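Heads up: the structure comes next, in structure tokens.
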Amino acid sequence: MPTEHNKLVRDRIPEIIAAEGRTCNTEILNDEAYRRALRTKLIEEAHEAAETNSESDLIKELADLFEVAEAVMKANGIDVETVKDKQQERCESRGGFEQRIFLLWTE
Numbered sequence: 094m095p096t097e098h099n100k101l102v103r104d105r106i107p108e109i110i111a112a113e114g115r116t117c118n119t120e121i122l123n124d125e126a127y128r129r130a131l132r133t134k135l136i137e138e139a140h141e142a143a144e145t146n147s148e149s150d151l152i153k154e155l156a157d158l159f160e161v162a163e164a165v166m167k168a169n170g171i172d173v174e175t176v177k178d179k180q181q182e183r184c185e186s187r188g189g190f191e192q193r194i195f196l197l198w199t200e
């Protein structure tokens, strides 16, 4: 019985599935559907990184997260340096996370 996934996967996944003696069905997304699927994948990978318990799994999940983030940038015509510049700008204006500040409430 088929297992439904309905999600964006890495390019070699169908090949890996076939090498395992299994079958799958895929489709190629148009540009708009691809950009939407990438954003969904970004959330999926962030959840996986947040939920892992081992350092080696965290490294793997962060690598996946970076891969998807780079694909989102490329699909939207955004240069990596533009994002890095914005990251630096926001760090300078709003700070980073080094002080470990956990906001409890505001009034």
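Residues in the sequence shown are numbered from 94 upward in steps of one, following this note's numbering.
Backbone N, C-alpha and C define an ideal beta-carbon position, used for all residues, glycine too.
Since this is a predicted model, take the numbers as computed values, not measurements.
In three-state DSSP terms, what is residue i?
i	result
His98	coil
Leu122	coil
Gln192	coil
Arg105	coil
Thr175	helix
Glu113	coil
Ser38	Beyond the ends of the chain as shown, which are 94 and 200, falls residue 38; an answer cannot be given.
Glu185	helix
Thr133	helix
Leu155	helix
Figure out for me which residue from the options has the closest Cα to the Cα of residue i.
i	options	result
Ala164	Leu101, Pro95, Thr96	Leu101
Ala168	Pro95, Ala126, Glu113	Ala126
Lys134	Ala162, Asn123, Cys184	Ala162
Ala130	Arg183, Ile152, Ile194, His98	His98
Considering only heavy atoms of the ligand ADP, does any lie closer than 7 Å to the CB of residue i?
i	result
Thr199	Because no ligand of any kind appears in the structure shown, any question about the ligand ADP cannot be addressed here.
In its own chain, which residues sit with a C-beta less than 8 Å from the C-beta of residue i, not counting the 5 before and 5 after it?
i	result
Val173	Glu163, Met166
Mind the definition here: the stretch 118 to 138 touches the stretch 96 to 110 only if three or more C-beta pairs lie below 8 Å; say whether that holds.
yes
Indicate whether the contact test is met: 3 or more Cβ pairs, each with one atom in the stretch 131 to 142 and one in the stretch 153 to 160, closer than 8 Å.
yes
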